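**Student:** Handing you this structure, nothing more for now.
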Amino acid sequence: MLTGAGAADRFAAVFDEHAGGLWRYLARQAGAAVAEDLVAETFLAAWEARDDYVAELGSVRSWLYGIAVNLLRRHHRGQAQQHRISQRLSGLRQPDDPEPDRAAERVDARTRLEGLAAAIAGLPEGDRDVLLLTSLGGLDSAEIGAALGIPEGTVRSRLHRVRRNLRATAIEKGES
Amino acid sequence: MTDDDFDSALRTIYAEVPLDPRSLARARSRVLETVTPVVVTPRKQRWWPRLSAAAAAAAVVAVLAATALHRDGSPPAGAMVEVAQTLNAAADAEIRTVDVTVPPGQFRYIATHALSLENHQPSDGRLYIIRTGSRAEVWAPADRKAEWLRRETDTGERVWLIGTAESGREAGIEESVRPPTELRARCGDWYEDPCDRDADWQSPNDDFLADLPRDPRELYDRLRDDSDGKGNDPDQEVLVYAADALRSGLLPADLRAALYRALALLPGLIITERTATLDGRTGTAYGIAAAGTIQEIVINPATGDFIGERKRLSAPMDGMRPGTLIESTSVRYGISPAAGAPPAR
Chain S
1 MLTGAGAADR FAAVFDEHAG GLWRYLARQA GAAVAEDLVA ETFLAAWEAR DDYVAELGSV
61 RSWLYGIAVN LLRRHHRGQA QQHRISQRLS GLRQPDDPEP DRAAERVDAR TRLEGLAAAI
121 AGLPEGDRDV LLLTSLGGLD SAEIGAALGI PEGTVRSRLH RVRRNLRATA IEKGES
Chain E
177 MTDDDFDSAL RTIYAEVPLD PRSLARARSR VLETVTPVVV TPRKQRWWPR LSAAAAAAAV
237 VAVLAATALH RDGSPPAGAM VEVAQTLNAA ADAEIRTVDV TVPPGQFRYI ATHALSLENH
297 QPSDGRLYII RTGSRAEVWA PADRKAEWLR RETDTGERVW LIGTAESGRE AGIEESVRPP
357 TELRARCGDW YEDPCDRDAD WQSPNDDFLA DLPRDPRELY DRLRDDSDGK GNDPDQEVLV
417 YAADALRSGL LPADLRAALY RALALLPGLI ITERTATLDG RTGTAYGIAA AGTIQEIVIN
477 PATGDFIGER KRLSAPMDGM RPGTLIESTS VRYGISPAAG APPAR
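These protein sequence lines are chains S and E, in that order.
So the first sequence is numbered by my numbering: it starts at 1 and just counts up by one.
So the second sequence is numbered by my numbering: it starts at 177 and just counts up by one.
Shown next, in the form of structure tokens:
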């Protein structure tokens with residue numbers, strides 16, 4: 001599909017179909033500027049590896065997300081985990097509180113979010129990818145399996161386990 | 177924490193970012209630039225991922241650092257030797273290159289991606305400077321006297337160097353992406369007497385190129401004579417003239433080789449960056465710093481490929497900082513079966 005005559009035109013059509021979704025997925029995790037770079041790098045890497053794409057093994061979308069996930073991992077490795085979390089949470093708006101008696105409640109909510117963000121950042125890469133590809137990317141288990149090269153059943157059980165553990169962590173942090 | 181609370185927390189931590197169509201357009205043009213054209217010469221082509229913004233910034237610093245070492249006074253011992261050696265290596269590579277002939281009825285495809293500055297001074301009286309991107313594609317027929325096609329496309333790339341997009345829009349600066357334009361003319365003479373005009377370094381034709389000397393010293397003297405009195409700096413202008421001709425994509429391999437050897441004779445030419453990346457391709461940047469700018473050409477010394485050229489500020493200008501990229505062009509070649517058609521893979 002991506003080789004032979006007219007391959008470049010078909011590739012442009014693939015870009016137009018999938019780049020927007022990928023951009024949003026990446027921007028939510030790494031910001032708009034990084035998303036632009038990673039989208040371009042994802043498609044450049046896909047073009048370079050187009051001979052390796054096997055339609056029977058999964059959709060083009062899965063293939064592209066698989067590449068993007070690897071590039072995003074590389075990007076994240078370049079940033080210290082703590083820096084990443086504080087960067088993300090500094091983006092959460094915290095307006096001057098008009099009701100001082102509710103301020104404590106808001107601080108609690110923020111603490112819970114910080115705890116959850118830290119727990120997600122601390123997940124093994126494979127676990128985090130399954131969670132975020134589902135929640136932010138909207139991919140189903142089969143697509144995620146194809147993207148990450150793992151069986152669909154593994155995706156489902158991993159997702160179940162990750163969500164259960166993170167919810168438990170959030171409850172603990174909230175009560176402590 | 178319920179499932180719903182958990183999902184809601186995720187949506188807060190990973191807040192939606194509204195899709196920025198310009199960002200997507202820039203990514204698109206970066207990608208399509210690489211996938212569309214094909215090289216003419218039978219060498220193995222390598223595609224490099226484009227530098228990240230941080231790496232590009234580092235590259236700017238490297239250019240300035242390298243230049244600072246050499247700008248005043250004569251280049252350090254050895255620098256000129258290395259310039260000559262690497263340019264001669266590029267020339268040797270060109271000598272080994274056999275340009276693929278364009279089959280009858282087909283077209284040489286030459287695509288240039290350019291960034292240049294646009295100045296605006298709208299009714300608010302403030303100066304706005306925008307770096308904009310464009311692509312020019314030329315289809316030159318195997319029979320050069322036949323009809324050529326030139327298509328110019330606005331890539332939508334816009335970087336506001338002075339002023340912000342927001343205030344510029346309020347002041348009435350038109351930002352819409354210009355529709356593509358096409359020109360057709362015999363001999364590629366778009367604006368004047370087709371097949372009967374005086375050619376020059378800026379728009380060479382086959383006769384002009386055939387008449388240029390192949391002896392490096394003679395070619396160097398010819399470059400000096402023709403560029404005499406032009407531009408801001410005599411040495412820099414020689415480099416500009418060479419880049420003008422190389423950019424046309426019409427120079428045969430023997431002339432490219434002679435031109436590289438001629439440039440090795442240029443005083444003040446230094447290697448400004450050993451690994452310079454232009455539109456995803458890597459080469460060595462040779463430059464001359466003068467009159468507040470660094471003019472560079474980027475060549476792959478191993479293959480002799482001319483990758484492009486760029487111009488950066490070496491001193492502040494109109495509020496822009498040293499290191500700011502103010503012009504760049506990258507060139508790709510291919511062979512296309514029909515005018516207007518993308519090059520065959």
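Positions of the beta carbon are idealized from the N, C-alpha and C atoms, including for glycine.
None of these values were measured; they are calculated from a predicted model.
Residues bridged to residue 286 of chain E by DSSP?
**Tutor:** DSSP output for residue 286 of chain E lists E:314, E:509 as bridge partner(s).
**Student:** Is there at least one Cβ from chain E nearer than 8 angstroms to residue 122 of chain S's Cβ?
**Tutor:** no
**Student:** Compare the C-beta of residue 416 of chain E with all C-beta atoms of chain S and state if any pair is closer than 8 angstroms.
**Tutor:** no
**Student:** Comparing alpha-carbon positions, which option in E:193, E:477, E:207, E:191 lies nearest residue 456 of chain E?
**Tutor:** Here the closest residue by C-alpha is E:207.
**Student:** Determine whether the beta carbon atoms of residue 464 of chain E and residue 495 of chain E lie at a separation below 8 angstroms.
**Tutor:** no
**Student:** Taking 8 angstroms as the CB-CB limit, is residue 455 of chain E close to chain S?
**Tutor:** The beta-carbon of residue 455 of chain E is placed no less than 8 angstroms from the nearest beta-carbon of chain S.
**Student:** Any beta carbon from chain E within less than 8 angstroms of residue 44 of chain S's own beta carbon?
**Tutor:** yes
**Student:** DSSP three-state label for residue 116 of chain S, please.
**Tutor:** helix
**Student:** Hey, how far is the Cα of residue 61 of chain S from the Cα of residue 143 of chain S?
**Tutor:** Distance between the alpha carbons of residue 61 of chain S and residue 143 of chain S is about 8 angstroms.
**Student:** Does residue 367 of chain E pass the burial test, meaning 16 or more other C-beta atoms within 10 Å, or should it be called exposed?
**Tutor:** Flag for residue 367 of chain E reads exposed.
**Student:** Say whether chain E places a C-beta atom closer than 8 angstroms to the C-beta of residue 136 of chain S.
**Tutor:** yes
**Student:** Check whether the region 286 to 300 of chain E and the region 495 to 505 of chain E are in contact - that is, three or more C-beta pairs closer than 8 angstroms.
**Tutor:** They touch, by the three-pair rule.
**Student:** What are the partner residues of residue 504 of chain E, as DSSP defines its beta bridges?
**Tutor:** E:291, E:486
**Student:** Look at the alpha carbon of residue 210 of chain E and the alpha carbon of residue 172 of chain S, and state the distance between them as a whole number of angstroms.
**Tutor:** 51 angstroms
**Student:** Does residue 163 of chain S have its Cβ less than 8 angstroms from a Cβ in chain E?
**Tutor:** yes
**Student:** From residue 324 of chain E to residue 352 of chain E, what does the alpha carbon distance come to, in whole angstroms?
**Tutor:** 28 angstroms
**Student:** Using the three-state DSSP reduction, which class does residue 452 of chain E fall into: helix, strand or coil?
**Tutor:** strand
**Student:** Our contact map puts residue 388 of chain E next to residue 398 of chain E with C-beta atoms below 8 angstroms; I'd like the distance itself, whole angstroms only.
**Tutor:** 7 angstroms
**Student:** Give me the DSSP bridge partner(s) of residue 393 of chain E.
**Tutor:** DSSP, once it has assigned bridges, lists no residue as partnering residue 393 of chain E.
**Student:** For residue 29 of chain S, name the three-state secondary structure that DSSP assigns.
**Tutor:** helix
**Student:** Is the beta carbon of residue 141 of chain S closer than 8 angstroms to that of residue 162 of chain S?
**Tutor:** Not in contact: residue 162 of chain S and residue 141 of chain S (Cβ atoms no closer than 8 angstroms).
**Student:** Please report the straight-line C-alpha distance between residue 410 of chain E and residue 401 of chain E, rounded to a whole angstrom.
**Tutor:** Between residue 410 of chain E and residue 401 of chain E, the C-alpha separation is close to 10 angstroms.
**Student:** What does DSSP give as the partner residues of residue 377 of chain E in its beta bridges?
**Tutor:** Looking at the DSSP assignment, residue 377 of chain E forms no beta bridge with any residue, so it has no partner.
**Student:** Starting from the N-terminal side, write out each stretch of the beta strand (DSSP E) that is 3 residues or longer and does not extend beyond the region 394 to 472 of chain E.
**Tutor:** 446 to 454, 457 to 466
**Student:** Determine the direct distance from the alpha carbon of residue 417 of chain E to that of residue 247 of chain E, and round the result to whole angstroms.
**Tutor:** A caution first: residue 247 of chain E carries a pLDDT of 36, below 50, which makes its placement in the model unreliable, though a value can still be read off. If you take the alpha carbons of residue 247 of chain E and residue 417 of chain E, they lie about 21 angstroms apart.
**Student:** Nearest to residue 330 of chain E by CA position, among E:355, E:322, E:350, is which residue?
**Tutor:** E:355
**Student:** Using a C-beta cutoff of 8 angstroms, does residue 373 of chain E count as contacting chain S?
**Tutor:** no
**Student:** Given a cut-off of 8 angstroms, decide if residue 441 of chain E and residue 396 of chain E are closer than it, judged by their beta-carbon atoms.
**Tutor:** yes
**Student:** For chain S, check one thing: does any of its Cβ atoms lie closer than 8 angstroms to the Cβ of residue 211 of chain E?
**Tutor:** Judged by the 8 angstroms Cβ criterion, residue 211 of chain E is in contact with chain S.
**Student:** Quick one: Cα of residue 123 of chain S to Cα of residue 266 of chain E, how far?
**Tutor:** 50 angstroms
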